Amino acid sequence: MGPPFYTAANLVVYGAFFAIYPFHFVYELGMNYDQMWDAFKSFWRVIKDYKKSTYDGFDDPHSTMMRAYPEVPEWAYLIIVVISLVLAILCVKVYPAETPVWGIFFALGINFVFLIPLTTIYARTGFAFGLNVLVELIVGYAIPGNGLALAFIKALGYNIDGQAQNFVNDLKQGHYAKLPPRAVYRVQLLSIFISSFIQLGILNFQINGGIKDYCEPGNTQKFTCPSSRTFYSASVLWGLLVQKEFSMVYIQF
Numbered sequence: 001m002g003p004p005f006y007t008a009a010n011l012v013v014y015g016a017f018f019a020i021y022p023f024h025f026v027y028e029l030g031m032n033y034d035q036m037w038d039a040f041k042s043f044w045r046v047i048k049d050y051k052k053s054t055y056d057g058f059d060d061p062h063s064t065m066m067r068a069y070p071e072v073p074e075w076a077y078l079i080i081v082v083i084s085l086v087l088a089i090l091c092v093k094v095y096p097a098e099t100p101v102w103g104i105f106f107a108l109g110i111n112f113v114f115l116i117p118l119t120t121i122y123a124r125t126g127f128a129f130g131l132n133v134l135v136e137l138i139v140g141y142a143i144p145g146n147g148l149a150l151a152f153i154k155a156l157g158y159n160i161d162g163q164a165q166n167f168v169n170d171l172k173q174g175h176y177a178k179l180p181p182r183a184v185y186r187v188q189l190l191s192i193f194i195s196s197f198i199q200l201g202i203l204n205f206q207i208n209g210g211i212k213d214y215c216e217p218g219n220t221q222k223f224t225c226p227s228s229r230t231f232y233s234a235s236v237l238w239g240l241l242v243q244k245e246f247s248m249v250y251i252q253f
């Protein structure tokens, strides 16, 4: 069996990712530093004084009208972070995920650093991208030879910011549509809770014989699992081969 080869399209995609990560971070930090700093200060002020309104300092018509609704306290969001963190740790400890606990904190930390720059680009342009390539590169070097750990941490690294962007997008639309923030919060929590079990049931049905030749290239219903194959390929290349092959001049790449 020979070494893995990337197609030209994959080379362009990965090259673009490696270029956009440092560029977007430096650009957003340089161009919008004052707004980001004000946002961080506002967050800590609300943490210290839970009675303080998120809309303080904003006198536009939308914020003025939204003051009529009670806001979601910051501790409600922090509780979700704590619960999710505990469940993730239990998952890697109980399930044979072969993933160290520090990988969860790494995914959380790198998403915290990139969250604001990623979200500001998404807010202005509608273009969203994740940290999957950056995470798989770092984890591939940090935990060599462990494709399962790479896939798990990569899933966390990609979805934390992705879900945060979706949540902020919903809050933004709710802000302009004058929807009560607590109602949006409740609906999102309930929908995520219900959809998690629905997706789990569907996956079990598909994998355990519900669809004939599931994920096979010749599947007549086109259930060929391209996304799952992408995760698998990345776990092999970046999780099993990256340190061995990419530490030298790899001409095939």
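In terms of UniProt numbering, the sequence shown is residues 1 to 253.
Note that the Cβ used here is the ideal one computed from N, Cα and C, for glycine as well.
None of these values were measured; they are calculated from a predicted model.
Does the distance from the C-beta atom of residue i to that of residue j stay below 7 Å?
i, j, result
"L131", "F114", "yes"
"M36", "I121", "no"
"E71", "T54", "yes"
"Q221", "Y214", "no"
"T230", "V168", "no"
"L134", "Y21", "yes"
"S233", "L150", "no"
"F223", "I211", "yes"
"N146", "G239", "yes"
Where does the unbroken alpha helix (DSSP H) through residue i begin, and where does it stop?
i, result
"S227", "P226 to V236"
"N169", "G147 to A177"
"T125", "V101 to T125"
"G15", "A8 to M31"
"G140", "N132 to A142"
"Y185", "P181 to F205"
"V86", "E74 to V94"
"P217", "Unbroken run through P217: none, as it is neither H nor E."
"P61", "P61 to M66"
Thinking residue i and residue j are a contact (beta carbons under 8 Å), I'd like their distance in whole angstroms, please.
i, j, result
"A76", "L148", "Incorrect: roughly 34 Å between the Cβ atoms, too far for contact."
"E74", "I47", "6 Å"
"L78", "I104", "Wrong, their Cβ atoms sit about 17 Å apart, outside the cutoff."
"Y176", "H62", "6 Å"
For the candidate residues the options, whose alpha-carbon lies nearest to that of residue i?
i, options, result
"L237", "G109, A68 and P144", "P144"
"I110", "Y69, I79 and Y158", "Y158"
"K172", "L11, A16 and M66", "M66"
"Q188", "Q199, I202 and N166", "N166"
"I192", "Q163, F17 and G174", "Q163"
"I80", "G201, S227, D34 and I160", "I160"
"K154", "N32, D60, E216 and S228", "S228"
"T108", "K93, N204, V82 and A142", "At residue 108 the sequence reads Leu, which differs from the Thr that was named. The residue with the shortest Cα to Cα distance from L108 is V82."
"F17", "P226, F129 and D60", "F129"
"F106", "Y95, K93, V94 and A142", "A142"
"Y69", "G30, I202 and G174", "G174"
Beta-carbon of residue i versus every beta-carbon of chain C: anything under 7 Å?
i, result
"T125", "The question asks about chain C, but that chain is absent: this structure has only one protein chain."
Quiz item: Are there three or more Cβ pairs, one per stretch, closer than 8 Å when the segment 125-132 is compared with the segment 86-95?
Solution: Touching, no.
Quiz item: Are three or more beta carbon pairs between the segment 135-148 and the segment 177-196 nearer than 8 Å?
Solution: Using a C-beta cut-off of 8 Å, the segment 135-148 makes no contact with the segment 177-196, since fewer than three inter-stretch Cβ pairs fall below that distance.
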